[in-house]
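In the numbering used here, the protein residues as written are 660 to 804. Where a beta carbon is used, it is the ideal one built from N, C-alpha and C, also for glycine.
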């Protein structure tokens, strides 16, 4: 999913390496995005520049995808390498290929990674937790009036 200056190069390279195991979804949103994520096993986010905490990564984890993400910005605040996703060095194409081959080889337990990814989102990013925290902040603020 997505677009960028290296899109065509990336698609050609990943298709060459992974063959029919690779799917590039283009730019999508809404229900179509969630449908495609639900159909996916692995989500690759090889960003070279940090974008704070990548929402696309969190969405993929919520959809139980195994995420392979570049070590930029706040990725390590969420991803525990080998537990709930995999981290690669930015600009290290060989490492991306190595991690993808590892996942596709059957050596990795994809189900555990998928389960842990979803659990990370449920435990740390649930809307009910945010609402509760906001209510506590508002209650504290109103009591200090």
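Give the DSSP-derived three-state secondary structure of residue i in the structure shown.
i           : result
residue 700 : coil
residue 801 : helix
residue 678 : helix
residue 689 : helix
residue 664 : coil
Measure the beta-carbon distance from residue i to residue j and round it to whole angstroms, keeping in mind my assumption that it falls under 8 Å.
i           : j           : result
residue 740 : residue 724 : Residue 740 to residue 724, Cβ: 16 Å. No contact.
residue 729 : residue 704 : 7 Å
residue 745 : residue 731 : Going by Cβ atoms, the distance from residue 745 to residue 731 rounds to 14 Å, so no, they are not a contact pair.
residue 799 : residue 775 : Actually they do not touch by this definition, with Cβ atoms about 33 Å apart.
residue 784 : residue 717 : 6 Å
In terms of alpha-carbon separation, which member of the options lies closest to residue i?
i           : options          : result
residue 665 : 692, 750 and 758 : 750
residue 780 : 721, 706 and 696 : 721
residue 702 : 679, 752 and 683 : 683
residue 663 : 801, 679 and 685 : 685
Margin query: Pairs of beta-carbons, one from the segment 707-719 and one from the segment 753-772, closer than 8 Å: are there three or more?
Written below: Contact fails: fewer than three Cβ-Cβ distances are below 8 Å.
Check: Fully enclosed by the segment 705-745, which beta strand (DSSP E) runs are 3 residues long or longer?
Finding: The segment 705-745 is shown to contain whole beta strand (DSSP E) runs of 3 or more residues at 725-729, in chain order.
Notebook entry, point to check: Whole alpha helix (DSSP H) runs in the segment 743-797 with 4 or more residues, listed along the chain?
Noted result: For the segment 743-797, whole alpha helix (DSSP H) runs of length 4 or above, ordered along the chain, are 752-764 and 769-783.
Margin query: For the segment 730-744 against the segment 673-693, do three or more pairs of beta-carbon atoms, one drawn from each stretch, fall closer than 8 Å, so that the two count as touching?
Written below: No: the two stretches stay apart, fewer than three of their Cβ pairs being nearer than 8 Å.
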